[in-house]
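In the working numbering, each residue's number is its place in the sequence shown (first place is 1) plus 291.
Heads up, the beta-carbon is just placed ideally off N, CA and C, and yes, glycines get one too.
Source: prediction; values computed, not measured.
What follows is a single structure, written as structure tokens, with notes after it.
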Amino acid sequence: MSEPTEQEIRERAHQLWEQAGKPEGREDEFWHAAEQELRNEDKSNTLRTPDTL
Numbered sequence: 292m293s294e295p296t297e298q299e300i301r302e303r304a305h306q307l308w309e310q311a312g313k314p315e316g317r318e319d320e321f322w323h324a325a326e327q328e329l330r331n332e333d334k335s336n337t338l339r340t341p342d343t344l
């Protein structure tokens, strides 16, 4: 299982921020949400098998 890269997190956080109407002062909130989302996405990958857990 690979960790999301900083660039992947940055891009997803930006998407979430735009979807929320570009509020000011909530950068950390969007960064953490994006990071968690990307990590959870990896865990739900259907290609994972017991051998890769």
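What are the boundary residues of the alpha helix (DSSP H) that residue i is part of?
| i | result |
| --- | --- |
| A325 | 318-334 |
| A311 | No alpha helix (DSSP H) holds A311; DSSP gives it neither H nor E. |
I think residue i touches residue j, with their Cβ atoms under 8 Å apart; what is that distance to the nearest whole Å?
| i | j | result |
| --- | --- | --- |
| R303 | E320 | Contact flag wrong, Cβ pair sits at about 13 Å. |
| E318 | I300 | That pair is no contact at about 12 Å. |
Using only CA atoms, which one of the options lies nearest to residue i?
| i | options | result |
| --- | --- | --- |
| E309 | D333, W322, K334 | W322 |
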